[in-house]
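Undergrad: Residue numbers (UniProt numbering): 1 to 123. Using N, Cα and C, we set each Cβ at its ideal position, and we do this for glycine too. There's a structure below that I have some questions on.
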């Protein structure tokens, strides 16, 4: 190989894995569910990555719910900051409570995001 030629997967030596037909079906099914090619799926798993499905609907629903909460809380704060008549009865305690809920909701969103984004496994 010349010095100018880059090392790529295509010009590297492949790994061969022998498996039974049912094992192959399972691997192919898992790769499809993850939205990856079989080669990419096996490479990821072989390097210790946790492979997740293309879309985890439970996490998405949770993030949508938390985002809605943030929007509602932000709307209340905006009304108060603009001296809207509907929030004239809001006192300092109410606003501090609202800010506390916004902070708690941000923390909740952060925890959901951390559970969605899996760090690479350490060797």
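Decide if residue 15 is buried, meaning its Cβ has at least 16 other Cβ atoms within 10 Å, or exposed.
TA: By one-based count along the chain shown, residue 15 stands at place 15. Looking at its Cβ environment, which holds fewer than 16 other Cβ atoms inside 10 Å, residue 15 is exposed.
Undergrad: With a 10 Å radius around its C-beta and 16 neighbouring C-beta atoms as the bar for buried, classify residue 93 as buried or exposed.
TA: For the purposes of this step, residue 93 is taken as residue 93 along the chain shown, with counting starting at 1. Residue 93 should be labelled exposed.
Undergrad: With a CB to CB cut of under 8 Å and the five nearest residues on each side skipped, what residues in its chain are close to residue 109?
TA: Taking the chain shown and counting its residues from 1, the one referred to as residue 109 is at position 109. Correct list, in chain order: 63, 66, 67, 70.
Undergrad: So, using beta-carbon positions, are residue 42 and residue 17 closer together than 9 Å?
TA: The residue labelled residue 42 in the question sits at position 42 within the chain shown. The residue labelled residue 17 in the question sits at position 17 within the chain shown. For residue 42 and residue 17, yes; Cβs fall inside 9 Å.
Undergrad: Pick helix, strand or coil for residue 99, following the three-state DSSP scheme.
TA: Locating residue 99 in the chain shown gives position 99, counting from the first residue. Of the three classes helix, strand and coil, the one that applies to residue 99 here is helix, per DSSP.
Undergrad: On the premise that residue 98 lies in contact with residue 73, defined as a C-beta separation below 8 Å, what is that separation, rounded to the nearest angstrom?
TA: As a first step, residue 73 is located in the chain shown; it is residue number 73 there, counting from the start. As a first step, residue 98 is located in the chain shown; it is residue number 98 there, counting from the start. Indeed they touch by this definition, with Cβ atoms about 6 Å apart.
Undergrad: Less than 8 Å between the CB atoms is what I'm expecting for residue 27 and residue 40, so what's the real figure, rounded?
TA: To locate residue 27, count along the chain shown from 1; it is residue 27. To locate residue 40, count along the chain shown from 1; it is residue 40. Residue 27 to residue 40, Cβ: 12 Å. No contact.
Undergrad: Which residues in the same chain as residue 51 place their Cβ atom closer than 8 Å to its Cβ, once the five residues preceding and following it in sequence are excluded?
TA: Locating residue 51 in the chain shown gives position 51, counting from the first residue. Excluding sequence neighbours, residue 51 sits near 30, 34, 36, 41, 44, 45.
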